[in-house]
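Notes follow the structure.
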């Protein structure tokens with residue numbers, strides 16, 4: 001074959017490949033996630049990670065009731081584990097193919113809202129004439145609501161009754177000084193026992209939210225001012241100094257820097273740790289793993305002499321509507337249904353969580369008595385999670401985590417830690 | 430049929446046949462070429478393109494920013510830490526993989542052990558290679574936990590004492606994850622080198638014995654030169670693979686404590702999926718690609734030289 005012929009052949013080949021690649025790429029991009037059909041009933045897609053975490057058939061049952069109450073609307077549940085749902089939603093947000101109704105974590109809301117991937121719920125509520133006074137909370141970005149917490153999982157203080165009694169502590173601590181003394185007493189028992197456990201893994205840095213900042217919120221403090229980072233304020237400084245003091249006392253279980261939430265629960269369940277701050281969702285797990293483990297729950301201790309309302313950290317199953325949904329009004333009907341007094345009570349009962357509707361009351365008759373105790377704690381205080389709705393919330397926790405680890409490792413002072421974290425956070429806002 | 434009509438039709442048929450023959454080779458490679466283009470070339474070109482924009486995926490209207498992302502990444506002290514950690518982790522792992530792999534391969538190739546014993550040890554030694562990164566991470570997190578088996582054994586044997594934080598202590602973490610990676614990766618070397626050892630002609634050892642060579646001399650003058658092509662190929666492949674190790678690091682330390690185990694892979698992942706800075710993540714990925722390409726070029730040149 002001559003050089004000319006080779007060149008022509010190569011060009012032909014390139015042309016074919018270019019067309020093939022373009023067709024493949026176009027086909028990939030044109031796939032629509034819209035669940036709307038032009039005629040017949042409207043089919044809504046509802047992507048969430050809740051169904052696998054609820055008793056079998058529970059969420060489908062609620063959807064069947066919704067379909068019966070709203071003829072002409074069908075709901076197709078897209079369920080997966082939390083991490084898969086997150087990936088699916090981020091891909092859907094980028095491609096404009098997000099499901100009509102989505103289960104949201106507060107940490108994602110700001111990023112999705114700024115992308116325009118979520119519909120403005122303030123407008124949808126107003127269009128539907130919905131009375132939002134019954135909602136316990138709404139997650140807003142720039143003044144507009146983008147997520148409604150459907151149910152909340154609170155994080156109270158868990159105390160191992162036997163270990164505390166052995167250490168001479170008769171009641172769960174309610175102030176920081178009592179907590180610090182109790183932790184020291186439990187650690188002094190020896191045999192690899194520690195007073196408190198603090199997971200600071202950078203893989204999942206939510207320990208900063210649940211186990212560090214919770215000390216700030218429990219004393220009515222805040223890490224924000226006018227929606228912007230305010231890490232150098234006296235409330236945050238005092239909480240950070242308190243945790244540093246516990247670290248210096250040796251009251252914190254070893255392995256913190258790479259410890260994850262499941263390690264924390266495991267160590268507490270094994271009876272090696274006296275106290276931990278953890279989700280109520282783990283009560284059943286602790287009971288199942290060791291039916292003989294005696295533990296109590298109480299509010300997170302506050303600074304000595306504090307008499308105000310205590311913030312209690314929480315995580316939510318939130319609801320949002322896709323910005324690209326072809327049927328936003330129908331999608332909001334589903335949100336409205338899930339937030340209604342009766343359905344929200346049912347959902348929170350089945351999820352062992354607390355309702356997002358202020359009028360709803362979960363049915364504790366078949367639950368562990370500790371859920372009732374936790375509900376009383378929840379009612380006395382207020383749900384506090386300032387990371388909800390912040391941009392790149394996980395990254396904020398991770399950058400704070402890195403600085404905090406440097407502090408505990410003795411590489412820098414409290415002031416430098418907070419100053420560095422503040423400047424890193426500011427760059428993300 | 431007249432001669433004239435034959436003259437009119439033959440050249441056309443000939444051209445068609447020639448064109449068909451000419452396009453046949455392209456038709457054969459077309460499926461592979463399409464797959465390579467769609468799965469490799471298009472994504473790589475897209476990522477390179479992303480690295481020159483202000484942000485993508487989360488930004489509906491990306492704008493070109495030239496080399497700004499490259500300047501930002503190359504000026505980031507955490508990136509420098511990641512490069513140093515990746516280098517230490519990779520070189521340490523690859524060197525230990527070679528030494529351990531060679532040592533175990535020679536043990537398993539010795540005529541001093543029975544076939545049954547060798548089969549048993551082959552099975553034991555290859556076990557780490559059968560586990561996925563997730564299983565290895567969970568296994569070693571449990572073993573190296575402050576209340577784990579390793580500390581218990583050290584304590585009860587009197588070698589060490591207390592709850593040593595193998596993965597959480599900033600001065601031990603990089604060594605610990607490197608050790609885990611060594612444990613997970615040496616069987617690949619071992620099996621390849623064992624195959625190489627079994628292919629060395631016995632005559633060479635007999636000739637060396639006749640020349641009066643001892644065991645060490647035979648090792649350096651016969652075994653190593655015979656294994657050299659395999660060793661070089663394995664080293665280059667392992668350098669490429671280990672420098673991209675992500676799952677093991679992420680699931681054991683997440684790049685911490687502080688950033689002592691931050692690798693290029695975890696650094697890139699955090700940019701993409703924690704900060705949603707996909708353009709910066711693409712930039713970091715392009716830099717990793719460039720480093721890997723250098724190793725790949727050496728590997729291809731070595732393979733060509735062998736052929």
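Protein chains in written order, with the numbering used here: chain A, 1 to 429; chain B, 430 to 736. Where is the CB? At the ideal position from N, CA and C, for every residue including glycine. Bear in mind that the values here come from a model prediction, so they are computed numbers and not experimental data.
1) Quick check on residue 382(A): does DSSP put it in helix, strand or coil?
2) Applying the criterion that 16 or more other CB atoms from any shown protein chain within 10 Å of the CB defines a buried residue, is residue 125(A) buried or exposed?
3) In the DSSP output, which residue or residues are listed as bridge partners for residue 357(A)?
4) Who does residue 45(A) pair with in a DSSP beta bridge?
5) Reducing DSSP to helix, strand and coil, say where residue 498(B) ends up.
6) What is the DSSP secondary structure of residue 170(A), reduced to helix, strand or coil?
7) For residue 530(B) versus residue 656(B), is the C-beta distance shorter than 8 Å?
8) Is the CB of residue 371(A) under 8 Å away from at least one CB in chain B?
9) Pull up the distance between the alpha-carbon of residue 675(B) and that of residue 134(A), whole angstroms please.
10) At least one CB of chain A closer than 8 Å to the CB of residue 737(B): is that the case?
11) Would a C-beta distance cut-off of 8 Å place residue 217(A) and residue 273(A) closer than the cut-off?
12) Is it right to say residue 31(A) is buried, meaning 16 or more other beta carbons lie within 10 angstroms of its own, or is it exposed?
13) Would the beta-carbon of residue 555(B) fall within 8 Å of that of residue 616(B)?
14) Under 8 Å between the Cβ atoms of residue 392(A) and residue 574(B)?
15) Might you give, ordered along the chain, the residues of its own chain that have their beta carbon closer than 7 Å to the beta carbon of residue 178(A), omitting 5 neighbours on each side?
16) Give me the residue from 356(A), 374(A), 293(A) with the minimum Cα distance to residue 317(A).
17) The alpha helix (DSSP H) spanning residue 533(B) covers which residue range?
18) Which chain B residues sit within Cβ distance under 9 Å of residue 60(A)?
19) Could you give the C-beta distance for residue 394(A) and residue 205(A), rounded to a whole number, given that I count them as a contact under 8 Å?
20) Among residues of its own chain, excluding the 5 on either side of residue 160(A), which ones have a beta-carbon nearer than 6 Å to its beta-carbon?
21) May I ask which residues mark the beginning and end of the alpha helix (DSSP H) holding residue 585(B)?
22) Helix, strand or coil: how does DSSP classify residue 236(A) here?
23) Look at the Cβ atom of residue 331(A), then the Cβ atom of residue 100(A), and state whether they are nearer than 8 Å.
24) Just the chain B side, please: which residues come within less than 8 Å of residue 94(A) by C-beta, in chain order?
25) In the DSSP assignment, what are the bridge partners of residue 314(A)?
26) What residue range is occupied by the uninterrupted beta strand (DSSP E) comprising residue 104(A)?
27) Please list, in chain order, the residues of the segment 181-208 of chain A that have any C-beta partner in chain B closer than 7 Å.
28) Once DSSP output is grouped into helix, strand and coil, what is the label at residue 268(A)?
29) Return helix, strand or coil for residue 195(A), following the three-state DSSP convention.
30) In chain B, which residues lie with their C-beta within 7 Å of the C-beta of residue 257(A)?
31) Return the residues of the segment 101-133 of chain A that lie within a Cβ-Cβ distance of less than 8 Å from chain B, sorted by chain order.
32) Taking DSSP as the reference, what is the three-state secondary structure of residue 485(B)?
33) Is it buried or exposed, residue 176(A), if we count other Cβ atoms within 10 angstroms and call 16 or more buried?
34) Taking C-alpha atoms, which residue in 192(A), 171(A), 321(A) lies nearest to residue 92(A)?
35) Would you mind stating whether residue 137(A) and residue 149(A) have Cβ atoms separated by less than 8 Å?
So, to answer that:
1) Residue 382(A) falls in the strand class under three-state DSSP.
2) So residue 125(A) ends up on the buried side.
3) Looking at the DSSP assignment, residue 357(A) forms a beta bridge with 135(A).
4) Paired residue(s): 76(A).
5) DSSP places residue 498(B) in the helix class (H, G or I) of the three-state scheme.
6) Three-state DSSP puts residue 170(A) in coil, outside helix and strand.
7) In this structure, residue 530(B) lies away from residue 656(B), with their beta-carbon atoms at least 8 Å apart.
8) It does not; no Cβ of chain B falls within 8 Å.
9) For residue 675(B) and residue 134(A), the distance between alpha carbons rounds to 46 Å.
10) Residue numbering for chain B in the displayed model covers 430 to 736; residue 737(B) lies beyond these limits and cannot be assessed.
11) It is not a contact, given that the beta carbons lie outside the stated cut-off.
12) Unreliable placement is indicated for residue 31(A), whose pLDDT of 35 sits below 50; no coordinate value is reported for it.
13) In this structure, residue 616(B) lies closer than 8 Å to residue 555(B) by Cβ.
14) The answer is no: Cβ separation not under 8 Å.
15) In chain order, 301 place their CB closer than 7 Å to the CB of residue 178(A), counting only its own chain and leaving out the 5 sequence neighbours on each side.
16) That would be 356(A), whose Cα lies nearest to the Cα of residue 317(A).
17) Taken as a continuous stretch (DSSP letters only), the alpha helix (DSSP H) holding residue 533(B) covers 506-538.
18) Under the 9 Å cutoff, chain B gives no residues; its nearest Cβ is about 30 Å from residue 60(A).
19) That belief holds up - the Cβ atoms of residue 394(A) and residue 205(A) are roughly 7 Å apart, short of 8 Å.
20) For residue 160(A), where only same-chain residues beyond five positions count, the Cβ hits under 6 Å are 274, 295.
21) Unbroken alpha helix (DSSP H) run through residue 585(B): 578-586.
22) DSSP places residue 236(A) in the helix class (H, G or I) of the three-state scheme.
23) Yes, Cβ-Cβ distance for residue 331(A) and residue 100(A) is below 8 Å.
24) Result: 486, 487.
25) According to DSSP, residue 314(A) bridges with 154(A).
26) Counting along the chain, the beta strand (DSSP E) containing residue 104(A) begins and ends at 101-104.
27) If you check each beta-carbon in the segment 181-208 of chain A against every beta-carbon of chain B, the ones closer than 7 Å belong to 192, 201, 202, 203.
28) In this structure, residue 268(A) counts as helix in the three-state DSSP scheme.
29) Note: residue 195(A) maps to strand in three-state DSSP.
30) What residue 257(A) touches in chain B: 597, 685, 686.
31) Across the segment 101-133 of chain A, CB contacts with chain B closer than 8 Å involve 111, 114, 115, 116, in sequence order along the chain.
32) Coil at residue 485(B), not helix or strand.
33) Classification of residue 176(A): buried, given that the 10 Å Cβ count is 16 or more.
34) Ranking the options by Cα distance to residue 92(A), first place goes to 321(A).
35) Against a cut-off of 8 Å, the Cβ pair of residue 149(A) and residue 137(A) comes out as a contact.
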